[in-house]
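Colleague: Protein chains in written order, with our numbering: chain A, 741 to 1391; chain B, 3 to 282; chain C, 94 to 541; chain D, 1074 to 1368.
Glycine is no exception: its CB is placed at the ideal position from the N, C-alpha and C atoms.
Structure incoming, see below.
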Amino acid sequence: MKMASRSRKQKHRGRVARRGWISGGGPSRLAGVFLGTALLFGAVVLIGLGYTAGGGASRETLFTTLLINATVVVGMQVFIGNTGILSFGHVGFGAVAGYAFAILAVDVEWKRRLIGDAPFGASDVSIPAEAAIAAATGLTLVVAVIVGLGMVRSGAATGDIAATVITLAVLFAVYETAINWTDITGGNRGGISFRPGTAMPGRSHAYAGFGLALVIALLYRSSRSGRLARASREDDLAARSLGVNPARHQMLALLLSVGLVAVGACLRVWLSGTVSPERFFIDYTLLTLTMLVVGGRNSVTGAVAGTVIVTGLTEVTRLLSGPDFNPGPFDFVIRPGLTDICLGLAMLGFMILRPNGLLHDREITDLPGLRRLNRLQRAFAPVSPIPKTSTSFDVESAPIEDSPWPRPAPPADAGHLLEVAAVTVEFDGLVVLSQAHLSVAKGRICGLIGPNGAGKTTMLNVLTGIVSASSGHAVVCGRSINGMAIHRRARSGIARTFQNLRLFADLTVLENVEVVALAHGATPDSARRQAVEMIELNQLGDMASRRARHLDYGASKRLELARAAVSHPQFLLLDEPTSGFSEAESRLIVQQIRAIAARVGCGVVVIDHDLAFITAICDEVYCLDQGSVIAHGSVAEIRSNPEVRAAYTGE
Amino acid sequence: MTFDNPLTDKAYQVGSETFDELLAVESVEVSYGPIRALYGISLTVGSGETIALIGPNGAGKTSLLNTVIGMRRPSQGRVRWKGRDITGLPPQQRIRLGMALVPEHRRILGTLTVEENLLVGAITLPRRLRQTRADELMERFDILGRKRSQRAGLLSGGEAQQLAIARALMASPDLLLMDEPTLGLAPLVAAQVFELIDELRRSGMTLIVVEQNARRALESADSACILRTGQIVEQGPAEQIAARDDIFGSFLGDTPVNRHIGSPDGRRQTGQAPTKSSHD
Amino acid sequence: MLNKRLLAIVLSLCLIAAACGNDDDGTAAVTAPAPTAASTSSSTEDAPQQAEPDDGEPEPGEAEPGEAEPAPASSAPLDVDAVLAADLSACGPAPTGEALKIGYAADFSELGGFVDIPGSSAAAYFAELVNCVGGIDGRPLELVVRDIEGDPETAGRVAQELLDDGVTAILGPAFFDVNQAILQVTAGHTPLISVSSTEPLLADPTQLSLLASFTDTAQAKAAAQFAVDQGWRTAATFSVPGPYFGYLVEVFTEEYEALGGEVLGDYPFVPAETTDFSAQVNEIAALDPQPDVIYSALLAFQAAILGGQLDEAGIDAEMLVADAFTATGGYFIDGVEGFFHTSHTFPAPDGRMVRFLNSYEQAKGTALESDSYAALAADAILVIAQAVIDTGSLDPATVGEAMIAGTGVDGLTGVLAYNGGGTPNTPVYVHQVVDGGPSLAAVYEVFE
Amino acid sequence: MTEIVQQLVDGLGRGGEYALIALGVGLIFGVMRMVNFAHGELITVSAYASYGLALTGATWWILVPGIVVTAILTSVLVEFVAFRWVRSATDFAMLLTSFGVHFVVQAAFVMFVSASSRHFARPDWITSTVTIGGIRFEAIDLGIIAATALSLAFTVWVLQHTVYGMAIRAAAEDFDTARLLGVRSDQVIRMAFALAGLLAGIAAVFFLMRTGRAAPSAGLIPMLKGVLAALIGGLGRLQGAVIGGLLLGLVEILLVSRLPDSVDGMVNGIVFVLVAVLFIFRPTGILAAGSSHRP
């Protein structure tokens, strides 16, 4: 057991370091993107060249189709993978782009036959295809901005049905428009087509689109925005409470994603020389979504792999249902519909057996064989390796002097206070907080106790903006935070933990902490340094590269603390940090909170029922009962307060 | 607090030393993916016995309860109930055999009314008995009786804990498993819960209580079982364990920093929306 | 019954596959010796190899009421009646010339399957019949059917595969967009003849793109003429903007009003989706005067629903529907008695179409799902075959030019005369549903 | 005035059908937290079953129970084959699973029957109307409205007053806890699917009486409308499903009659945009699913 854990420890440490460049910044990040693009591009091209080597022109077309579909699917991955929001609407955006492209690029004479009465003089212009792709993409992005604003307004989050409904609405609204706005679209089962022989020449455009998609997807994945989007994907509320504004990152992801899908859609239209409503509707949605989920929606490599696999699968089913294949007694399966059945079954099978796809969130650059290459990159990656883990926690020897965090400020004037005054909160007529007040100075640790239902957590929720008060106001360091959005409060210096753990389950321990530092404006390098240090401080160093979902309870709690503290808040709000802990563990957490508060120099508000813990840690205590503050003072004062004893401690 | 034993309608011979075997856990191992939570746990519970299950976080206490109730299937080992092997039985069948669990975080069904929560707790009983039993318990826990048609989600933490316990008692179990019954409760309310535990114990019910407040839990228990890193490290009569300060020091006092033990339920830990009241 | 149909489809597909497989072998064997650039004269020399020599003239009686144009006698046309009469169990010697390969880019998806599933079965059977009577000018006819899955991308690839296979001409699917994708590949070098499309834009001789049926323009004009001829002065229409569902109504309205009728209103519906017309019926009920006729391209089941709802609302208007009616199973639906609809030909008991359908049913043990698409598929093959006979060439471009230049191929639906255009100028038949079956109401020779 | 009343009546008739489907969608969402995109396949399968039965000469007296039974069996079967495996999966996986089922069923009919539609006789009285005070009531609309009311009452009764209903609601809220209390989880979910199948079956009866048509994608549009209705009303709220359905029916009827001719084909598109806008401002639908706990 001991042996095993040690070797695992080493492995983990190696892994953090090895992954350093991809989550780091600067030149190493670009190198990673470059390497990833080169590998994926190379792999697909090799497969394609191998496949087309033996066959006729139709194999060439299939390969080109594969490149284009990969562009679309990688584009979808940028949004779906990073934000976790299932979108049915991307194909709808593709339709907008496809039509815009066809309208712009088809030559005038040909177009007049099809849509002679087109508004905006659309039938009288024709621009080169490449320019048309750019223009169509631009137009689609405008549409995406509008849709994105709506989606963001709805408070989209992972698994959020509202966001998915909005994307579904995009798909159907675009489809219906394409059918009905015949003046410009040519209508249902009609459409706009290129003059025969003027469809996409060669494969270079498809290569370009695919390469572009890879670069953008990998860049975004390793970017600040991409990582913050993934944090929100894991837990929207926690991310907001720690200063991430999901809206912004979702919007950026949506725009990049739609841009790529638009490019892919234009190429798709150009390749076959025609666009019609059915081309960008449910069937193509099924195809692309299947490609995405088969490979693994959380990684770019997965999107590409899924595209290759599903393309292969559909080609096999096409051969099986075609005239070239005679299976003898089994030809009852050789029927129209085989492709759809296979796609549907592939989707079902993966959702049931491997919902995260073949690769989950692993990228090609994570391959063990590439370790050497990565090491090369690390040579010019200025990321400090994780320092040695201190095996036991020692407050005294903690090198406070070397800390990059500000020294504790002297508790004093309003500029160093967290103040809540006359806050009242009601839910359905039930008064949860009534005229409650609270005042904590930086550098102080303030306990919040009271019986169940007294309104303690609500107080924290009001402070962090999760619950809005019907009256009252809150001020942090002289700055009113009334009406501020959750993430902005976090940025103005409030960080919190939750009663129920809310970690970014699929991110590693290091990433959990790092993204919060990033959200607070740290550069990638300094975010890494701060995160490493905070992890060390919380004795998580040897678990840095483990996914948060695989941590035990105690480590999870420590991680939550580290994550909240890394934003070096003015005030740290802790909701039952000892809940589920034994006495001894509670004692340890006292030291830990103190050390963090000292390092960060923040004030702490802590809710807990463990009076021993409260006694040990707090400079002052507020006692709430039925929504009102019934006592405030030092621990001793509170303990001796008869009201508190009656309502709460019963001592 | 005294009452005419509506908590259990079965008579037990209550003794301090000799118990008939009710439940036996034999060399049970449980894993969460690659991470093992229990390493060959064996435990015998006598009829009428109250066992305190204590240990640091991640020691495997909840995993053990989940294995007993059937929410977790052990990768190895057996669970015997009244002499019969029930290792493969699903929880709903074990409930029918006379077990009940008061889950961690109470897990009150917030959209149902208080009364409906109780009735669901007796879903294994015949229809007529269900309502009678619910009425009995609502009389005993008068706060629940007063709020019988209120949505259970609106109860305060202490009330919710009473409901959770009452709900578990609905089917008149032979064995009651309690997972952290005082978690997140104010000291006053926590004290009431312990009183209730004492009462149940006096009434002859068999109890396994997982509790962080080890000293208080030991006061209410016949015997104790200390778990650490998925193994039973100490076992014995509660008084003896309570008297041994060294155990507190060496097993409970030291939080092992480098444990490779899974949390009781990795999925619930972060992936789930907060179902419990955030206002308490 | 369900099983029987199922079995039939399976069977027919197997047969197609089997036929293709056989022909493949045959081709491989005969490619080398056969002359590649056969002249017109050489093709006439080959003709006697046919089991039953042609008699050169089509029987005027066979073409339904619209009188057949005299066939151009540039060379001996295929004897359609002999082909239809062929007995598959007693075929003549197999044709040995270089095979005429015809591709069929068929749409078996839910969108176009209602056309191309029966269409391809019929085409394959027709090819069997042709080969049974000695082929085309001594050439075996080889039909290669590939599924485009309703998707332009696949359609393009299928077309490419067919070209790689060396086909002389391609039979095309129903809808505009998939045909366009095929045209991108054929690029004006290989003729494409859409079996079932009535879309005028698809008829483009410069791209060697042809229709096998009349166009929507003709169909709608005929409907308007018919309505006026019946003395129906006022009309209401149902349309969806765009080709077919919208275009038909546009042309109808224009023509109808030019002929003195009045269209009182146009109402929306969604093909294959709208199953409740109460909102529209309420509006029509409020019209004054009431419409004498409702013209639309409704699918059959929708027409039946609409007809029923109109009746109940006390609106006593005739229903006049486009060829979507038969295409979507008009005669298998109840509640359509008395409806009028335009169609490709009339199934006269002794007409060629009925003989072909009967022959198919006898040979395969099951009926085709559609009558007119079966006939159109056979006609499309005939047009290609005639051009091959005329030119003696298998070169796609040559054959394509000849198809367009054709002045009359006497087929199953009528005489297909392209006269340098892309449409066959076949007559429009108007049927009425009487006792659950078609009865001929009128025939219009409308040329655009 | 009569015009508006007439439109209301027509809208209710149409909306009732949507409401029945929405009820089923809402019920499944309640138990599994899954928006069931495969719900319409119950109608598709029923349609083919009716076609098969009609071929044997069955009348509507046999078709009606046949349709309902088919829908119930299919619903339970689909749960058994596909959905039970993703019970504890993410919303993402469940949505896509139902999406996959939708495609597999649709393609299976293309493959094993035909891509083109099949028809069977509709009942004679299907379009008959009753005129009261200038308002025409279609017999089928009256039937639908009555059936919707009865179904809703039945569903509410089952959920509120039977032990199965209580079990369904318990499982809907917290599956594991329900199991811990002795609720037979499989049985409960099967019950919910059977109930949803029953509701879909009743909707299918009316839908098929109107159309008399079986096509591989016959269920797509009713499913979409049902899902939309359930979303509009607020997922998981049964009253919401009914209100959403009726509202959707009304809006459609009003749009068809009131829109200017140039855009009157856009009804579907406009409905979707309206729903999107609704969701932007009320992300949980009109009747927001009430929070189950004290906030």
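Could you spell out where the alpha helix (DSSP H) holding E454 of chain C opens and where it closes?
Modeller: E454 of chain C -> alpha helix (DSSP H) spans R445 to K457.
Colleague: Which class does G1052 of chain A belong to by DSSP, given the choice of helix, strand or coil?
Modeller: Here G1052 of chain A sits in helix by DSSP.
Colleague: Residues in the same chain with beta-carbon distance under 6 Å from M180 of chain B, minus the five sequence neighbours each way, listed in chain order, please.
Modeller: So the qualifying residues of the chain are V104 and V211.
Colleague: Answer with buried or exposed for I1275 of chain D, where buried requires no fewer than 16 other C-beta atoms within 10 angstroms of its C-beta.
Modeller: With 16 or more other Cβ atoms within 10 Å, it is buried.
Colleague: Spell out whether any CB of chain A is found under 8 Å from the CB atom of M1339 of chain D.
Modeller: Output row for M1339 of chain D: interface = yes.
Colleague: Closest Cβ-Cβ distance between A871 of chain A and chain C: below 8 Å?
Modeller: No, A871 of chain A does not count as interfacial toward chain C.
Colleague: Check G1309 of chain D in the structure and name its three-state DSSP category.
Modeller: G1309 of chain D: coil per DSSP, three-state reduction.
Colleague: A1269 of chain D and S1148 of chain D: beta carbons closer than 8 Å?
Modeller: Contact: yes.
Colleague: Have a look at the DSSP bridge pairing and note the partners of P239 of chain B.
Modeller: Paired residue(s): B:S225.
Colleague: So A1188 of chain D contacts chain C; which residues on that side make the cut at Cβ distance below 7 Å?
Modeller: Here the neighbours are F201, S202, E203, G206, F207 and I210.
Colleague: I'd like the span of the beta strand (DSSP E) that includes F1185 of chain D, first residue to last.
Modeller: Unbroken run through F1185 of chain D is the alpha helix (DSSP H), D1164 to F1185; no beta strand (DSSP E).
Colleague: Flag L111 of chain B as yes if its beta-carbon sits less than 8 Å from any beta-carbon of chain A, otherwise no.
Modeller: For L111 of chain B, the answer is no, since every Cβ of chain A falls outside 8 Å of its Cβ.
Colleague: Using a Cβ-Cβ distance cut-off of 8 Å, determine whether I426 of chain C contacts chain D.
Modeller: Answer yes: the Cβ-Cβ gap between I426 of chain C and chain D drops below 8 Å somewhere.
Colleague: Can you name, in chain order, every residue of its own chain whose Cβ lies under 7 Å from the Cβ of R970 of chain A, other than the five neighbours on each side?
Modeller: The residues are N822 and L1247.
Colleague: Taking Cβ positions, are V818 of chain A and L1032 of chain A nearer each other than 8 Å?
Modeller: Taking 8 Å as the Cβ cut-off, V818 of chain A and L1032 of chain A do not qualify as a contacting pair.
Colleague: Using a Cβ-Cβ cutoff of 8 Å, what residues of the segment 1252-1270 of chain D are near chain B? List them in chain order.
Modeller: Answer in chain order: R1252, L1253, L1254, G1255, V1256, R1257 and S1258.
Colleague: So what does P361 of chain C bridge to, in DSSP terms?
Modeller: C:S332, per the DSSP bridge assignment.
Colleague: Got a sec, what are the start and stop residues for the beta strand (DSSP E) S33 of chain B sits in?
Modeller: From DSSP, the beta strand (DSSP E) with S33 of chain B extends over E23 to Y34.
Colleague: Kindly indicate which residue of C:A478, C:P517 and C:I241 has the alpha-carbon position closest to the one of V223 of chain C.
Modeller: The option with the nearest alpha carbon to V223 of chain C is C:A478.
Colleague: Look at S29 of chain B and Q78 of chain B and say whether their C-beta atoms are less than 8 Å apart.
Modeller: Taking 8 Å as the Cβ cut-off, S29 of chain B and Q78 of chain B qualify as a contacting pair.
Colleague: Do R1334 of chain A and I1357 of chain A count as a contact pair if the criterion is CB distance below 8 Å?
Modeller: Contact flag set, yes.
Colleague: Smallest Cα separation from T1225 of chain A: which of A:F841, A:A842, A:G895 and A:A1376?
Modeller: Reading off the sequence, residue 1225 of chain A comes out as Ala, not Thr. The option with the nearest alpha carbon to A1225 of chain A is A:G895.
Colleague: Show which residues of chain D have a CB atom less than 8 Å away from the CB atom of I97 of chain B.
Modeller: Residues of chain D passing the Cβ test: L1253, L1254 and G1255.
Colleague: Please classify Q164 of chain B: is it buried, with 16 or more other beta-carbons within 10 angstroms of its beta-carbon, or exposed?
Modeller: The residue in question, Q164 of chain B, is buried, as its Cβ has 16 or more Cβ neighbours within 10 Å.
Colleague: By the 8 Å beta-carbon criterion, what residues does the segment 181-199 of chain B contribute toward chain A?
Modeller: Those residues of the segment 181-199 of chain B that come within reach of chain A (Cβ to Cβ, closer than 8 Å) are E182, L185, G186, L187, A188, P189, L190, V191, A192 and A193.
Colleague: Identify each residue in the segment 1121-1149 of chain D for which the Cβ-Cβ distance to at least one residue of chain C is less than 9 Å, and report them in chain order.
Modeller: Here the close residues are Y1121, Y1124, G1125, L1128 and T1129.
Colleague: In terms of residues, what are the limits of the beta strand (DSSP E) holding V1 of chain B?
Modeller: Limits of chain B in this structure are 3 at one end and 282 at the other, which puts residue 1 of chain B out of reach.
Colleague: CA-CA distance, D77 of chain C and F1280 of chain D?
Modeller: Nothing in the structure corresponds to residue 77 of chain C, since chain C is present only between 94 and 541.
Colleague: Work out the CA separation of G515 of chain C and P298 of chain C for me, nearest whole Å.
Modeller: Distance between the alpha carbons of P298 of chain C and G515 of chain C: 5 Å.
Colleague: Just the chain D side, please: which residues come within less than 9 Å of I1226 of chain A by C-beta, in chain order?
Modeller: Ordered by position in chain D, no residue passes the 9 Å Cβ test against I1226 of chain A, which lies about 15 Å from the chain.
Colleague: Select from C:R250, C:E221, C:A215 and C:P186 the residue whose C-alpha is nearest the C-alpha of G1062 of chain A.
Modeller: Among C:R250, C:E221, C:A215 and C:P186, the Cα nearest to that of G1062 of chain A belongs to C:R250.
Colleague: Are N119 of chain B and R38 of chain B closer than 8 Å when you measure CB to CB?
Modeller: Cβ atoms of N119 of chain B and R38 of chain B: not closer than 8 Å.
Colleague: Would D472 of chain C pass as a contact of L450 of chain C if the rule is Cβ separation under 8 Å?
Modeller: No. Outside cutoff.
Colleague: To the nearest whole angstrom, what separates the beta carbons of G1358 of chain D and G1299 of chain D, a pair I think is in contact under 8 Å?
Modeller: The Cβ separation is near 14 Å, so there is no contact.
Colleague: If you draw a straight line from the alpha carbon of D1168 of chain A to that of S1210 of chain A, how long is it in whole angstroms?
Modeller: Rounded to the nearest angstrom, the two C-alpha atoms are 12 Å apart.
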